[in-house]
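Colleague: Next up is a structure, given as C-alpha cells.
Residue numbers (our numbering): 5 to 342.
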C-alpha cells in the first residue's frame with residue numbers, strides 16, 4: 005500500500021488568536037487527506053508549516069514513499085528548506101501544492117528580488133519536486149517554459165461541491181445583498197499597479213446606498229463559507245492574486261450565488277479568459293471595472309436576469325473541482341508506482 009506524509013498549510017505552534025483563520029481552520033488540505041485515504045493510500049506523518057522545522061527529523065524514520073507539501077513555497081519557506089536540507093528521507097516521489105498564484109500579473113510582487121516567482125523558484129530548485137499542482141492555470145505555461153520536463157505539473161482546484169452539505173436555497177429565498185468573506189486589506193503589491201486596492205473596492209460597496217453589503221472577517225472553515233454563500237444572491241471577488249479565484253467563484257457556482265469579479269479595466273479581460281476559459285461575463289458571472297460600478301448595481305436590481313446568471317453558474321465547474329484534481333493526482337501516483 006502506498007503511504008504518504010504531508011505538510012499542511014497550517015500553523016500549529018502559536019495561539020489561535022495570532023494565526024490567520026486559513027492557517028488553522030479546516031481547508032482543502034484536510035479534504036485532500038480524507039480523499040487520498042478513501043482512494044486507498046495510507047496516511048503517515050502530518051505536519052504544519054511551523055512545526056515541520058522543529059521535528060523534520062521524524063521523516064528519516066518514515067516508511068512513506070510519498071511526501072506532499074502544501075504552500076511551503078510561499079509560507080515559512082526559509083525555515084522549511086533549512087530543515088529539509090538537514091534530513092535524509094526515504095521518499096521517492098515529492099509533491100508541491102502551491103497556495104498562491106506565482107506568475108500572474110496580480111501575484112505578489114514588490115520588486116525583482118521580492119516576489120512570489122523568486123520565492124517559488126528558490127523552493128523548487130531546493131526541494132526538487134516530481135509534481136507541482138498549481139492553484140492558478142495562469143502558472144502552468146510559465147513553469148513549463150522555465151523548467152520544461154524537470155517535473156510534472158497540473159492544475160489544482162480550490163473548490164468542490166462536497167464542501168457544501170446543505171440544500172441550495174431558491175433564488176427567491178436568498179438575500180438581495182452583496183457578500184464578501186475575507187480580509188479587507190490584502191494584495192497591496194503586484195506588477196499590475198493600476199486599479200483600486202481591495203480596501204477601496206470594498207469601501208465603495210460598503211458605503212453605497214443602493215444594495216446592502218455584508219462583509220465577513222470572522223474565522224470560517226471552508227465548509228462554513230459555502231453555508232454563508234448560500235444565503236446571498238451575490239458574492240464579490242475583489243482584488244487578489246487571481247483574475248479568477250476558484251475558492252470564491254466556483255463556491256458560488258455550487259451555492260447558486262452570482263460571482264462578481266472586480267477588475268482594474270477591460271484591458272485585463274484576456275488574462276481572465278486565460279485563467280478561466282469558460283467564463284462568459286454577463287452569462288455565468290458578472291465583471292465590473294474599478295470606478296465603473298454603477299452599471300453593475302443597475303444589473304443587480306434586475307432579479308430575473310441575475311437569476312438566469314446564477315442558473316448558468318454551474319458551467320464554471322468545468323474549470324475543475326478539488327475532487328477531480330485529487331483523482332488526477334491518485335492516477336498519477338498509481339501510474340508512477342505501477
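From the three backbone atoms N, C-alpha and C, an ideal C-beta is built for every residue, glycine too. The structure presented is a predicted model; accordingly, all values stated were derived computationally and were not measured.
1) Going residue by residue through the stretch 166 to 227, where are the continuous beta strand (DSSP E) segments of at least 3 residues, counting only ones entirely within it?
2) So the candidates are 291, 18 and 315; which of them puts its Cα closest to the Cα of residue 247?
3) With distance defined between alpha-carbon atoms, name the residue in 296, 78, 309 and 192 nearest to residue 286.
4) Per DSSP, residue 97 forms a beta bridge with which residues?
5) So, at 8 Å on beta carbons, what are the nonlocal neighbours of residue 269 in its own chain, with the 5 sequence-adjacent residues on each side left out?
6) Could you give the distance in angstroms between the alpha-carbon of residue 335 and the alpha-carbon of residue 307?
7) Below 8 Å on the Cβ atoms is my guess for residue 212 versus residue 301; work out the distance and round it to an integer in Å.
8) Let me confirm a value: residue 192 is counted as buried when at least 16 other C-beta atoms fall within 10 Å, else exposed. Which label applies?
9) Determine the direct distance from the alpha carbon of residue 66 to that of residue 183, and round the result to whole angstroms.
10) Consult DSSP for residue 141 and reduce its assignment to one of helix, strand or coil.
11) State yes or no: is the C-beta of residue 163 within less than 9 Å of the C-beta of residue 254?
12) Taking all protein chains shown into account, decide if residue 33 is buried (16 or more other Cβ within 10 angstroms of its Cβ) or exposed.
13) Work out the CA separation of residue 175 and residue 402 for me, nearest whole Å.
14) Mapping DSSP to helix, strand and coil, what is residue 61?
15) Short of 7 Å in beta carbon distance, which residues of its chain neighbour residue 209, apart from the five on each side in sequence? Order them along the chain.
16) Ignoring anything shorter than 3 residues, give me the beta strand (DSSP E) runs that lie fully in the stretch 266 to 336, in order along the chain.
17) With the cut-off set at 9 Å, would you say residue 112 and residue 83 are in Cβ contact?
18) Considering residue 158, what are the terminal residues of the beta strand (DSSP E) in which it resides?
19) According to DSSP, is residue 48 part of a helix, a strand, or is it coil?
20) Spatial neighbours of residue 49 within its chain, please: CB distance less than 8 Å, with the 5 preceding and 5 following residues excluded, ordered by chain position.
21) Which same chain residues, not among the five before or five after residue 19, have their C-beta less than 8 Å away from its C-beta?
22) By Cβ distance below 7 Å, which residues in the same chain neighbour residue 259 in space, the five residues on each side in sequence not counted?
23) Give me the Cα-Cα distance between residue 298 and residue 96, rounded to the nearest whole angstrom.
24) Taking the CB atoms as reference points, tell me whether residue 228 and residue 282 lie closer together than 9 Å.
Modeller: In short, the structure shows the following:
1) Listed in chain order, the complete beta strand (DSSP E) runs (minimum 3 residues) inside the stretch 166 to 227 are 179 to 185 and 217 to 220.
2) Ranking 291, 18 and 315 by Cα distance to residue 247 puts 291 first.
3) It is 309 whose Cα lies nearest to the Cα of residue 286.
4) Answer is 70.
5) Correct list, in chain order: 198, 199, 293 and 294.
6) Here the C-alpha atom of residue 335 lies approximately 44 Å from the C-alpha atom of residue 307.
7) Cβ atoms of residue 212 and residue 301 come within 8 Å of each other, at about 7 Å.
8) Label assigned to residue 192: exposed.
9) Distance between the alpha carbons of residue 183 and residue 66: 45 Å.
10) Helix at residue 141.
11) A contact, by the Cβ cut-off of 9 Å.
12) When all chains shown are included, residue 33 counts as buried.
13) This structure gives no information on residue 402, because the portion of the chain shown stretches from 5 to 342.
14) DSSP places residue 61 in helix when its eight states are reduced to three.
15) Cβ within range, chain order: 182, 217 and 240.
16) List check, beta strand (DSSP E) in window: 290 to 293.
17) At least 9 Å separates the beta-carbon of residue 112 from that of residue 83.
18) Start and end: 156 to 159.
19) Residue 48: strand per DSSP, three-state reduction.
20) These residues qualify, in order along the chain: 9, 10, 62, 63, 66 and 68.
21) Result list for residue 19: empty, nothing under 8 Å.
22) Excluding sequence neighbours, residue 259 sits near 168, 172, 230, 233 and 234.
23) Roughly 55 Å between the two C-alpha positions.
24) In this structure, residue 282 does not lie closer than 9 Å to residue 228 by Cβ.
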